[in-house]
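Novice: In UniProt numbering, the protein residues as written are 1 to 104.
Even for Gly, the Cβ is constructed at its ideal location relative to N, Cα and C.
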């Protein structure tokens, strides 16, 4: 990470990385999220589920190759390695969906 990114992460608790994803990568990720969120509970594969309020989707990055690719994205992977002291252990990932349909 750049010194500016470290500073902004320390202050905000998250990083905003403009233009990290290409238009195609972003479109594929959005389509994958739409597929996961629109799949009925009984049609979800084993190990995949959503919270009652439909905000949290278990194992989100494993649901689709387009989402899995985000975890190893060349623009993000060095940052993940830095956060984990070069020892990443990505064992699961919850996809968080928060939209106008959810109460504040």
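Applying the 10 Å Cβ sphere with the 16-neighbour rule, what's the burial state of residue 87?
Specialist: By the Cβ neighbour-count rule, residue 87 is exposed, with fewer than 16 other Cβ atoms within 10 Å of its own.
Novice: In three-state DSSP terms, what is residue 57?
Specialist: strand
Novice: For my contact list, residue 61 and residue 93 are in at a C-beta cut-off of 8 Å; report their separation, rounded to the angstrom.
Specialist: About 4 Å separates the beta carbons of residue 61 and residue 93, which is inside the 8 Å limit, making them a contact pair.
Novice: Given residue 9, which residues of its chain have a CB within under 6 Å of its CB, disregarding the five upstream and five downstream residues?
Specialist: 15
Novice: Start and end of the alpha helix (DSSP H) containing residue 17?
Specialist: Neither: residue 17 is in no alpha helix (DSSP H) and is coded neither H nor E.
Novice: Please classify residue 35 as buried or exposed, where buried requires at least 16 other C-beta atoms within 10 Å of its C-beta.
Specialist: The residue in question, residue 35, is exposed, as its Cβ has fewer than 16 Cβ neighbours within 10 Å.
Novice: Whose C-beta lies closer than 6 Å to the C-beta of residue 79 among residues of the same chain, with five residues either side of it excluded?
Specialist: 1
Novice: DSSP state of residue 92, grouped into three classes?
Specialist: coil
Novice: Strictly under 8 Å for the Cβ-Cβ distance: is residue 39 near chain C by that measure?
Specialist: Annotation note: the requested chain C is absent from the structure, which comprises a single protein chain.
Novice: Mapping DSSP to helix, strand and coil, what is residue 50?
Specialist: strand
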